[in-house]
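Just below is one structure, and these are the notes that go with it.
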Amino acid sequence: MIPEQYKNETDYRKIPREYLDPNIPQGRGMVKWAPFATMPEQYERLREFIEEQNKISMPSLSEDQLDTLNRQLTQKYTQRQLAMISYWRNGYIHSIAAYIHRIDMLNQCITISNENGTQTMKLEFGVICNVE
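Heads up: the sequence shown runs through residues 205 to 336, numbered per the numbering used here.
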């Protein structure tokens, strides 16, 4: 059930994700723009417009959410458990299954590696959205 304050909101980006219906049809996508894509330059610019519409701004977490995130990171790190980490990069939310190798409080980042341990990656605390 959607709260009263969002019932008349027409811009879905202003409604929190937990209140949106995840089964919204995707629509025709690029098909509706095909008649306008007669020149390659136009097609490229239209593709950029569509891609920009799909981007989201970096999520801002509340103090409670940050505290929960911190506890989950510490738990996964100390117990050497595989963590499913969601993070924001360039307008999109990405998810990765990884082990947390290091929590660097000085530089405000974590070092993670994939399940095989063959690739490592650093993530700043500010871009991490969720840890499971």
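Ideal Cβ positions, reconstructed from N, Cα and C, are used throughout, including at glycine. As the structure is a prediction and not an experimental result, all values here were calculated from the model.
Q. With burial defined as no fewer than 16 other Cβ atoms inside 10 Å of the residue's Cβ, what is the status of residue 291: buried or exposed?
A. buried
Q) Under 8 Å between the Cβ atoms of residue 277 and residue 297? A) Contact annotation: residue 277 and residue 297 have beta-carbon atoms that are not nearer than 8 Å.
**Q.** Of the listed residues 210, 327 and 244, nearest to residue 311 (C-alpha basis)
**A.** Of the listed residues, the one whose Cα sits closest to residue 311 is 327.
Q. What is the rounded straight-line gap between the Cα of residue 259 and the Cα of residue 281?
A. 31 Å
Q | Sequence-distant residues of its chain with Cβ nearer than 6 Å to residue 331 (five each side left out) | A | 291 and 292
Q: Take the Cβ of residue 235 as the centre, count every other Cβ of all protein chains shown within 10 Å, and call the residue buried at 16 or more, exposed below.
A: exposed
**Q.** residue 248 to residue 214 span [Cα, whole Å]
**A.** The alpha-carbon atoms of residue 248 and residue 214 are separated by roughly 29 Å.
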